[in-house]
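Using my numbering, read the sequence shown as starting at 164 and increasing by one per residue. Step one of this worksheet: look at the structure below.
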Amino acid sequence: MKSYILRQVIQAAIVVAAITVAVFVVLRLSAGDPARIRAPVFARPDVIEQYRRDFGIDRPIIEQLGSFVSRAVQGDLGMSFRFQAPVSDLILVALPKTLALAGVALVLSMVLAVLLGAMAASRPRSAWAAISTALATLGQSAPVFWTGALLVMLFAVNLGLLPAGGYNGFSSLVLPAIAVALSIVPTQLRVLRSSMRGVLGEEYIRTAHAFGLAPARITFVYALKNALLPLLTVIGVDVGYLLGGVIVAEVIFAFPGIGELALVAMKARDYPLIQGITIVTASLFVLVNLVVDLTYAAIDPRIRMEQP
């Protein structure tokens with residue numbers, strides 16, 4: 164197990180390093196001259212040259228990359244043009260709110276997928292199966308911005324039950340979390356329902372029925388444990404969609420997280436902030452997938468044995 168964990172951690176570190184290099188190079192090639200972006204409109208050439216020296220972009224790109232990486236491993240992602248503050252500080256303020264929103268959305272989607280998927284698989288002709296199909300269809304066809312706007316109109320404007328935007332405690336997470344959860348629950352629901360159908364046909368499940376065990380216990384205790392394994396893999400893949408949905412939801416609900424911060428950075432052409440946000444969110448995606456892989460291997464030892 165230790166060697167498997169070490170291999171997975173090394174692979175994740177390599178991926179994060181490759182992402183950092185790619186983001187750094189692509190932004191240098193596409194964002195324009197940072198000195199001209201930051202300098203006043205009619206700045207003299209010597210002023211622009213001084214900005215280049217201050218930003219360190221007068222040096223070869225390899226030296227710039229080495230300097231950035233050496234500072235990044237210490238938590239220094241540069242200074243924001245727009246806010247005149249360290250990028251790492253700005254991200255640390257916004258990131259917990261984004262993680263809270265993403266966490267609530269993920270938990271909600273998993274609860275819906277597990278409950279509806281298990282019930283639909285065990286009772287394929289029941290109302291639960293119809294509800295799960297309708298929910299999967301709605302989530303698959305409705306984008307986050309449409310669902311978010313609909314939720315705001317219904318629960319915030321018409322009923323006045325929840326805030327329409329901003330951040331003021333847990334109540335501010337409810338509507339954006341529902342909008343994001345509905346966008347990722349269809350895949351989880353289909354995978355779990357299919358997995359449950361396969362598990363419910365196993366010999367040990369028929370034996371449990373023969374012994375007279377309660378159907379709910381058979382479904383949610385014996386069958387669900389083995390049916391959850393494919394769901395873990397789907398969750399790892401869904402993290403990318405989850406982060407994308409969260410960013411859209413933050414814009415729709417004026418939620419002060421990473422997505423809102425990224426939008427401000429892009430409007431201001433604040434490339435140090437864009438660079439930091441991209442690297443941090445991509446690293447989070449890699450980290451979550453690493454945790455999913457390790458969890459999967461801990462549950463199913465065959466995964467470790469299949470690795471070279």
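Idealized CB from N, CA, C, for every residue including glycine.
Quick check: residue i and residue j, are their CB atoms within less than 8 Å of each other?
i, j, result
"Gly328", "Ala417", "yes"
"Ala263", "Leu338", "no"
"Leu450", "Ala175", "yes"
"Ile168", "Leu392", "no"
"Leu240", "Val184", "no"
"Ala276", "Leu363", "no"
"Arg215", "Ser295", "no"
"Ile398", "Ala386", "no"
"Ala445", "Leu436", "no"
"Val454", "Ala268", "no"
"Gly266", "Ser251", "no"
In angstroms with no decimal places, state the Cα-to-Cα distance between residue i and residue j.
i, j, result
"Arg286", "Ala292", "7 Å"
"Thr402", "Asp209", "Note that residue 402 is Val in the sequence shown here, rather than Thr. C-alpha separation (whole angstroms): 47 Å."
"Phe246", "Gln213", "20 Å"
"Val400", "Val178", "16 Å"
"Ala248", "Met242", "6 Å"
"Ala425", "Leu376", "53 Å"
"Ile224", "Thr396", "38 Å"
"Leu279", "Leu352", "7 Å"
"Tyr404", "Pro349", "12 Å"
"Met468", "Glu365", "Reliability fails at Met468, whose pLDDT of 47 lies under 50, so the model's placement of it is uncertain and no value is given."
"Val270", "Ser289", "25 Å"
"Leu406", "Leu255", "16 Å"
"Gly332", "Ile415", "17 Å"
"Ala180", "Phe231", "12 Å"
Here's the rule I'm using: 16 or more other beta-carbon atoms within 10 Å means buried, otherwise exposed. How should residue i be labelled?
i, result
"Val274", "exposed"
"Arg234", "exposed"
"Ala412", "buried"
"Glu423", "buried"
"Lys388", "exposed"
"Thr300", "exposed"
"Gly420", "buried"
"Lys260", "buried"
"Val315", "buried"
"Phe374", "exposed"
"Pro306", "exposed"
"Gly302", "buried"
Start and end of the alpha helix (DSSP H) containing residue i?
i, result
"Arg234", "224–235"
"Leu387", "387–415"
"Leu275", "250–285"
"Arg360", "334–363"
"Ala293", "290–304"
"Arg207", "Run containing Arg207: none; DSSP gives neither H nor E here."
"Thr370", "366–373"
"Ile421", "421–430"
"Thr310", "307–314"
Count Cβ pairs between the region 340–349 and the region 293–311 that sit closer than 8 Å; are there 3 or more? yes
Is it true that the region 182–193 meets the region 437–453, where meeting means three or more beta-carbon pairs spaced less than 8 Å apart? yes
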